[in-house]
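Novice:
Residue numbers (the working numbering): 262 to 577.
1) Below 8 Å CB to CB, which residues in the same chain sit around residue 508 once its five sequence neighbours on both sides are set aside?
2) Given this structure, state the Cα-to-Cα distance separating residue 283 from residue 342, to the nearest angstrom.
3) Could you tell me the alpha carbon to alpha carbon distance between residue 401 and residue 414, rounded to whole angstroms?
4) Given a cut-off of 9 Å on the beta-carbon distance, is the pair residue 277 and residue 291 in contact?
5) With DSSP as the reference, label residue 428 as helix, strand or coil.
6) I'd like the list of long-range same chain contacts for residue 562, defined as Cβ closer than 8 Å, with 5 residues on each side in sequence excluded.
7) Can you tell me the Cα-Cα spacing of residue 447 and residue 369, whole angstroms?
8) Where residue 442 and residue 353 are concerned, what is the direct C-alpha to C-alpha distance, given to the nearest angstrom?
9) Give me the residue from 300, 316, 334 with the minimum Cα distance to residue 362.
10) Assuming contact is defined by CB atoms lying nearer than 9 Å, are residue 437 and residue 488 in contact in what I supplied?
11) Excluding five sequence neighbours on each side, which residues of the same chain lie with their C-beta closer than 6 Å to the C-beta of residue 340?
12) For residue 375 versus residue 346, is the C-beta distance shorter than 9 Å?
13) I'd like the ranges of any beta strand (DSSP E) spanning at least 3 consecutive residues and lying wholly in the region 451 to 532.
14) Would you kindly report the start and end of the unbroken alpha helix (DSSP H) that includes residue 353?
15) Taking the alpha-carbon positions, what's the residue 398 to residue 389 distance?
16) Exposed or buried, which one is residue 287 when buried takes at least 16 other CB atoms within 10 Å?
17) Can you give me the Cβ contacts of residue 486 inside the same chain, cut-off strictly under 7 Å, excluding the 5 residues immediately before and after it?
18) Buried or exposed: residue 453, going by 16 or more other Cβ atoms within 10 Å of its Cβ?
19) Nearest CA to the CA of residue 520: which residue from 395, 493, 467?
20) So, with DSSP's three-state summary, where would you put residue 376?
21) Can you tell me whether residue 518 is buried or exposed, with buried defined as 16 or more other CB within 10 angstroms of its CB?
22) Please report the distance separating the alpha-carbon of residue 459 from that of residue 547.
23) Who are residue 277's beta bridge partners in DSSP?
24) Consult DSSP for residue 314 and reduce its assignment to one of helix, strand or coil.
25) Quick check: what's the CA-CA separation for residue 294 versus residue 379?
26) Residue 476 to residue 504, Cα distance in whole Å?
27) Taking the alpha-carbon positions, what's the residue 462 to residue 468 distance?
So, in structure tokens, the structure goes:
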């Protein structure tokens, strides 16, 4: 056996998606571009007041709100809301470096899942870079409790998610799922799981000027204990699958992939963010370490190292 390095990746080309913002109901567009090794995921947008281009990393320190979705920066001055489904697709498929070029304050909601982002990434493919991939290895357990809800990160060889939800609505109830995060598992088990909510809650949000783009085309709607979408759910437990998808996207804001186990009970965006704060700010330097990825493979013909495709014109 020979020890080899796990290499970083980027996109093999640029690709755009168009849709609507789930809160504004306005047109929204995003373009994904290749990026250099070590870039991470970086968003670019324009300040709507000044027209100046701004750039900010997809990082937990940039999170400004988690009430209805995960927001990076201030959307009024160039920040972006509802980033979690794209971030889940990028992390789930193993994309380490990309420039995310926005044309407004909201990510397009598409069908309420990560499926369209997966298809877009697949349409251009990935390119392996020469730089070694780095990971955040969890070394000791850290936990956050908020009432009856809790979440924690624990040491684990690999990246595993263990998520439980518990809703009063009979159509949801208590659902649990455990999944080792790999590109294959993400594609087949998580990527198509849609966001969900009650019709009553959506009507309240409409009255406050939120969720104006929400519809049966981009969410699973529940009313009087029933799923209102004519096609029903994509899985019986689509609800917990979507909560896990959100957790994958939110934890991607750590900046590097995890080696560890993430567990949550009644979790959501706020708690996903809170566990990152707990790990990086409160748990101490011995709670995690940054390691380079290596794996063993049989001695065979050398693996071709692919140079990075040149950045598309207009990307930062």
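Glycine residues also receive a C-beta, built at the ideal position from the N, C-alpha and C atoms.
On a predicted model such as this, the values are computed, not experimentally measured, just so you know.
Specialist: With the given structure in hand:
1) 422, 424, 523, 525, 528, 533
2) 10 Å
3) 8 Å
4) yes
5) coil
6) Confidence in residue 562 is poor, its pLDDT being 32 and thus under 50, which makes the residue's placement unreliable; the coordinate value appears in the next sentence. Contacts found: none.
7) 20 Å
8) 7 Å
9) 316
10) no
11) 333, 334
12) yes
13) 457 to 459, 481 to 484, 519 to 526
14) 345 to 353
15) 22 Å
16) exposed
17) 430, 431, 432
18) buried
19) 395
20) helix
21) buried
22) 42 Å
23) 292
24) strand
25) 14 Å
26) 19 Å
27) 10 Å
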